[in-house]
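Visitor: Have a look at this one.
In our numbering, the protein residues as written are 115 to 948.
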């Protein structure tokens, strides 16, 4: 310490830190330090009045005071203390800043200010800033951002979360999980910033995270949680986390019986006496880890003071970079976790439209990628850059603040957290739109743009597979249908026809695809609906012909599989399959309600039940649709004042199965969140409940009655399927039959198709296909094994150009596979270059 010059700022800092230690000591009811601290504070006041000529003597006095305070702390605090201190922040969406980025330029200035303080005092600072925000700052504030980069490279900083916009990983799809890391890491690489670790202070973890991280070259993670969720704890806080497939990464965890320090609203250092006292109760622990990855814009009393004093003494512990912590404490065992070990707070599930549009948008983009691959095969123009931008817009709408604070508007956060004087100087967007509403608008535009891209590509496929007619002026009417799945897809198709088609022409039409004739269709207005069977990842073309005579018309075939009735009290829906009641539904409301089956509309293809629920003050509506021969009931609920849907299965439920990104597991919990489905397994059959935007459930484990929670008024979509096959791959197929639609286009052309149908890729149904996409002139396929078994699966199709090459998530080659046959281990996520 003699090498240091003690400044007045250092003495003032020690005075403030002394106050914190005094507050710590006051928590010991049988000890009193009042007289001691009175003397110490008097000496510190005296030191402040000294002059520079007395610096040598000042250092001695400063040292004696500090040593005395150290002895007080060391007497009772036995474990070694480590502090992970850093800044958290996001997000900017469509040039509108929210929360920490209400004013992006001001946010950058505050971040640089804190980093300069950290650098000047030689203290480490961990950065969890949304990578999408770094992109935005570089593009819009180049000079200031250069200052940020210069500081970052010269001092003790690191990026701890490389995801693109810091999502909640459990509530978004598997491909979104991957894209957040892929796009985030690419953006960091462009900035020449490396990131080999993952620490999400928001609850963004699940059992497949180790495998995803390792495939991106990340070998360090965190199971610590700051807000709106819980994760597994361990005694030591440093473990090997083993993923479902056996992947191992190092991880820091919260510690059993200890609050991790993540206080809100800038109060971490003020609460240090409580943290120290908490440590006193754990004398047998070798070390204790505290963290405060606080909103970086937040004022933090005592931070500068503690940083100043920590240059002279580890009085309260050691401040460390996240990556350095792994070197400073001992590894303690291997741990494998299940889905039930991770929980999410209910408050993030408030906005049903945001969940619904996010799901629809993600599956639309995945479909667009698949059509794009087929366009590439036929030598047509492809749209990788457009699809990349669609993905990035989607990822921004998945930023956690969209869900954690869905109704926050530009400036709201700053008004709560900053002083009036600071707020006066901010430049806040004049667009006073909530973050969730903005994201919903972006998603709606994204869905529209994506569907337009899909239909344009499908028309391109039609044109390239067509032979021109010698009779140029003779135009024929065709429908081309695209199947985005990798299996034979039998599903409903809805396609608009020209206005000249109408109901009274229905019996004069037939759909013909090389001898396969369909007359079982509905034509209401100009909307044609029929059930089509389309080859795997392929297309099918039907020609619209006129029947030569009405006698040639084929009557309806097939039947509806479900029946729906109301019970005598008119407050319960009873659903039967093959005349056997399988399930009943009631609705959770604060008021009594009556159901009215107001209308049943039925045609040759579909049956629609329109049900109105009436309470004293409100009405809610339910539309239930089933399609002939399809094993699926689709529900669209306008919930109004409802708080939930109660599911009463008429089977003896033995297990309840849920899913999450790249995973399927049995749950034993009563309160659960599931990404796509809840499977209620009986002895011989089960009820599969697939939802698009109501992920929360409560299960009464005594009678297995299930409530699907609806936290806000809005539109909800879900479906029910009776299943007798419980294999996860089969269940996913049923999910995809609901999520992936058939796309159809009406086209007028002269001539005839070269082929009426074709398949470009077919994959054994034992694996689950999550994505097929094109990048850098190569086509890639991603699958995962949803089981504990290791097996081989076969890939066939025209999209396979060469030997199959397995790559990691950074597109680095791992292995070559011969004969289009691939071995896949349990729970393995596999990416293949075709």
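All C-beta atoms in this analysis are idealised placements derived from N, C-alpha and C, irrespective of residue type, glycine included.
Since the model is a prediction, treat every value here as computed from it, not as a measurement.
Which stretch, first to last residue, makes up the beta strand (DSSP E) that contains residue 868?
Guide: Here residue 868 belongs to no beta strand (DSSP E), and DSSP marks it neither H nor E.
Visitor: So what's residue 250 in DSSP terms, helix, strand or just coil?
Guide: Here residue 250 sits in helix by DSSP.
Visitor: Look at residue 542 and residue 211 and say whether their C-beta atoms are less than 9 Å apart.
Guide: Cβ distance < 9 Å, so residue 542 and residue 211 count as in contact.
Visitor: DSSP beta-bridge partners for residue 202?
Guide: Per DSSP, 242 and 409.
Visitor: Distance, Cα to Cα, residue 277 vs residue 365?
Guide: Those two C-alpha atoms are separated by around 17 Å.
Visitor: Does DSSP put residue 574 in a helix, in a strand, or in coil?
Guide: In the structure shown, residue 574 sits in a helix (DSSP, three-state: H, G or I).
Visitor: By how many angstroms is the C-alpha of residue 775 removed from the C-alpha of residue 291?
Guide: Roughly 7 Å separates the two Cα atoms.
Visitor: Do residue 242 and residue 286 have their C-beta atoms closer together than 9 Å?
Guide: Result no, Cβ atoms of residue 242 and residue 286 do not sit closer than 9 Å.
Visitor: For the putative contact between residue 799 and residue 838, defined by C-beta atoms under 8 Å, what is the C-beta separation to the nearest angstrom?
Guide: With a Cβ gap of about 5 Å, residue 799 and residue 838 count as contacting.
Visitor: Nearest CA to the CA of residue 749: which residue from 724, 840 and 595?
Guide: That would be 724, whose Cα lies nearest to the Cα of residue 749.
Visitor: Would you tell me roughly how many angstroms separate the C-alpha atoms of residue 532 and residue 380, rounded to the nearest one?
Guide: Computed Cα separation, rounded: 11 Å.
Visitor: How would you label residue 170, buried or exposed, when you count the other beta carbons within 10 angstroms and need 16 or more for buried?
Guide: That one is exposed.
Visitor: Look at the Cβ atom of residue 177, then the Cβ atom of residue 426, and state whether they are nearer than 9 Å.
Guide: Yes.
Visitor: Taking all protein chains shown into account, decide if residue 666 is buried (16 or more other Cβ within 10 angstroms of its Cβ) or exposed.
Guide: Because the pLDDT of residue 666 is 44, which lies under 50, any placement of that residue in the model is unreliable, and the question is left without a value.
Visitor: Helix, strand or coil for residue 338, going by three-state DSSP, please let me know.
Guide: Of the three classes helix, strand and coil, the one that applies to residue 338 here is coil, per DSSP.
Visitor: Any idea what DSSP makes of residue 517, helix, strand or coil?
Guide: Note: residue 517 maps to helix in three-state DSSP.
Visitor: Taking 9 Å as the threshold (C-beta atoms), are residue 330 and residue 944 in contact?
Guide: Their beta carbons are not under 9 Å apart, which means residue 944 does not touch residue 330 by this criterion.
Visitor: Can you find the residues in the same chain that come closer than 8 Å, C-beta to C-beta, to residue 289, ignoring five residues on each side of it along the sequence?
Guide: If we look at residue 289 and ignore the five residues flanking it on each side, its Cβ neighbours are 476, 480, 884, 885 and 896.
Visitor: Please list, in chain order, all residues of the same chain as residue 893 whose beta carbon is under 6 Å from its beta carbon, the five residues on each side excluded.
Guide: If we look at residue 893 and ignore the five residues flanking it on each side, its Cβ neighbours are 487, 913 and 948.
Visitor: With three or more beta-carbon pairs closer than 8 Å as the criterion, would you say the segment 646-655 touches the segment 593-607?
Guide: Yes, they touch.
Visitor: Return the residue from the list 368, 843, 341 and 851 that minimises the CA-CA distance to residue 349.
Guide: When only C-alpha atoms are compared, the closest one is 368.
Visitor: Any chance the segment 757-769 sits against the segment 817-828, with 3 or more Cβ pairs inside 8 Å?
Guide: Contact holds: three or more Cβ-Cβ distances are below 8 Å.
Visitor: Which same chain residues end up closer than 6 Å to residue 470 when comparing Cβ atoms and leaving out the 5 residues on each side of it in sequence?
Guide: For residue 470, where only same-chain residues beyond five positions count, the Cβ hits under 6 Å are 806 and 807.
Visitor: If you reduce the DSSP assignment to three classes, tell me which class residue 162 lands in.
Guide: Of the three classes helix, strand and coil, the one that applies to residue 162 here is helix, per DSSP.
Visitor: Whole-angstrom Cβ separation of residue 811 and residue 825, contact assumed at under 8 Å?
Guide: Contact flag wrong, Cβ pair sits at about 12 Å.
Visitor: So which of 558, 714, 702 and 344 has the shortest CA-CA distance to residue 678?
Guide: Checked all of 558, 714, 702 and 344; the closest Cα to residue 678 is 714.
Visitor: Just to check my reading of the structure: residue 359 and residue 942 have Cβ atoms closer than 8 Å, yes? What is that Cβ distance to the nearest angstrom?
Guide: The pair is a contact, with the Cβ atoms about 5 Å apart (cut-off 8 Å).
Visitor: Just tell me which of 575, 527 and 467 has its CA closest to the CA of residue 490.
Guide: With distances taken between Cα atoms, residue 490 lies closest to 575.
Visitor: Measuring alpha carbon to alpha carbon, tell me which residue in 790, 325, 711 and 462 is nearest residue 550.
Guide: For the residues 790, 325, 711 and 462, the minimum Cα distance to residue 550 belongs to 462.
Visitor: Nearest CA to the CA of residue 517: which residue from 279, 633 and 922?
Guide: Closest option to residue 517, Cα to Cα, is 279.
Visitor: Could you tell me which uninterrupted alpha helix (DSSP H) segments, each at least 4 residues in length, are contained entirely in the segment 269-340, listed from first to last along the chain?
Guide: The qualifying runs are 288-304 and 323-329.
Visitor: Which residues in the same chain as residue 578 place their Cβ atom closer than 7 Å to its Cβ, once the five residues preceding and following it in sequence are excluded?
Guide: Contacts found: 492 and 494.
Visitor: Provide the residue(s) that pair with residue 859 in DSSP beta bridges, ordered along the chain.
Guide: Answer is 594, bridged to residue 859.
Visitor: Considering only the beta carbon of each residue, do residue 420 and residue 134 sit closer than 9 Å?
Guide: Yes, the pair counts as a contact, with Cβ atoms nearer than the cut-off.
Visitor: Around the C-beta of residue 142, are 16 or more other C-beta atoms found within 10 angstroms, so that it is buried, or is it exposed?
Guide: Residue 142 is exposed by the Cβ-count criterion.
Visitor: On the DSSP bridge assignment, give the partners of residue 740 in chain order.
Guide: Residue 740 is bridged to 721 and 747.
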